[in-house]
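A.B. asks: According to our numbering, the sequence shown holds residues 4 to 162 in order. The C-beta atom is built at its ideal place from N, Cα and C for all residues, glycine as well. Quick one: the structure is below, questions incoming.
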Amino acid sequence: MIIKKIFLLLIFFFTISYVFSQEFPSYTFNVKKKKDKRNSIQVSLGSLLFASSANIFYERIVRKKKLYQTFRIGHNSIVTFGGIAKTISLQTGIVTSVMKNSHFESNIGLLYLYNNRNRNDALFSFSIGYRLQKRKKRSMFRSGLGFPELLYLSYGFRF
């Protein structure tokens with residue numbers, strides 16, 4: 004009888020020890036959060052000679068290998084002496100130096116001019132720039148040259 008009690012007591016202590024050795028659910032590492040944040044919203048302001056632009060972009064990292072391939076869609080407003088031109092742009096691009104904080108980025112695509120007095124056309128869009136983006140941080144800073152962004156500075160938030 005006493006051996007049964009000791010045996011049950013040992014099983015009880017080993018079980019409790021096993022239970023407490025597991026991580027508490029609120030402190031466990033979420034596997035989904037371990038992955039890089041692939042979506043971002045970016046706001047940029049640009050200027051070049053007699054034109055200024057205000058832009059907002061949604062960007063998604065589509066594929067990552069040695070280079071990140073991105074897809075982005077944006078709304079742009081370009082202000083000149085002749086008035087305001089509004090555009091919607093659709094671009095694809097690459098981001099290099101994946102494991103470092105500094106990145107080179109390049110985008111090409113199309114933009115559609117709408118709500119413009121002169122013309123409503125599809126045009127070529129591009130941007131080449133620098134991106135400061137730490138791997139585990141949510142914010143990013145961009146600068147560069149492009150159309151319709153012009154000579155721009157941008158701040159983004161990743162999620």
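1. Run through DSSP, which three-state label would Lys69 get?
2. State the DSSP-derived secondary structure class of Gly149, mapped to helix, strand or coil.
3. Excluding sequence positions up to five away, which residues of its chain have a Cβ less than 6 Å from the Cβ of Leu2?
4. If you measure between the beta carbons of Asn110 and Thr73, is that distance less than 9 Å?
5. Using the C-alpha atoms, what's the distance from Tyr115 back to Glu108?
6. Please work out which residues of its chain come closer than 6 Å, Cβ to Cβ, to Ile64, disregarding the five sequence neighbours upstream and downstream, and give them in chain order.
C.D. replies: Checking against the coordinates, here is how it stands:
1. Three-state result, Lys69: coil.
2. Taken through DSSP and simplified to helix, strand or coil, Gly149 comes out as strand.
3. There is simply no residue 2 to check, as the chain begins at 4 and stops at 162 in what is shown.
4. Taking 9 Å as the cut-off, the Cβ atoms of Asn110 and Thr73 count as close.
5. Straight across, the Cα-Cα distance linking Glu108 with Tyr115 is about 22 Å.
6. Around Ile64: Arg41, Tyr71, Thr73.
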